[in-house]
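*Asks:*
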Amino acid sequence: MPDILANAGGVIVSYFEWAQANQTYRWPLEVVEQRLRQRMIAAWDDVRAGSERTGRSLRRTAMITAVERVADAHLSRGLYP
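1 is the number of the first residue of the sequence shown in UniProt numbering; add one for each residue after it.
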């Protein structure tokens, strides 16, 4: 398991906490765990498949995937020319 992917769980739950605070609504623990599980499994599946497809290490694939997603998000929001 690449470190960047393993650490993502804490970041995701922090985001959930932020979202709950903004909505002034508390999610049941089961909902938080289910949403985290879905995202972590999807991320693992993406990284594993990318690693198998390209022959790169899991860590390198996780880093490349993360950078590509951030770049795509910035481009789609018009943050970069």
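For every residue, glycine included, the Cβ atom is placed at its ideal position computed from N, Cα and C.
My output table needs one value for Trp-27: the three-state DSSP class, helix, strand or coil.
*Replies:* For the purposes of this step, residue 27 is taken as residue 27 along the sequence shown, with counting starting at 1. Correct three-state label for Trp-27: coil.
*Asks:* How would you label Thr-24, buried or exposed, when you count the other beta carbons within 10 angstroms and need 16 or more for buried?
*Replies:* The sequence position of residue 24 within the sequence shown is 24, counting from 1. When all chains shown are included, Thr-24 counts as exposed.
*Asks:* Let me know if Leu-29 comes out buried or exposed under the rule of 16 or more other beta-carbons within 10 Å of its beta-carbon.
*Replies:* The residue given as residue 29 occupies position 29 in the sequence shown. Counting Cβ neighbours within 10 Å, Leu-29 comes out exposed, since fewer than 16 surround it.
*Asks:* Name the residue from Glu-52, Asn-7, Val-47 and Gly-55 whose alpha carbon lies nearest to the alpha carbon of Glu-68.
*Replies:* As a first step, residue 68 must be located in the sequence shown, where it is residue number 68. The shortest Cα separation from Glu-68 among Glu-52, Asn-7, Val-47 and Gly-55 belongs to Val-47.
*Asks:* Taking the alpha helix (DSSP H) that Arg-59 falls in, what are its first and last residues?
*Replies:* Position 59 of the sequence shown, counted from the first residue, corresponds to residue 59. Per DSSP, Arg-59 belongs to the alpha helix (DSSP H) from 58-76.
*Asks:* Return the CA-CA distance between Ile-4 and Arg-35, expressed in angstroms with no decimal places.
*Replies:* Here residue 4 is taken as the residue at index 4 of the sequence shown, counted from 1. Here residue 35 is taken as the residue at index 35 of the sequence shown, counted from 1. In a straight line, the C-alpha of Ile-4 is about 19 Å away from that of Arg-35.
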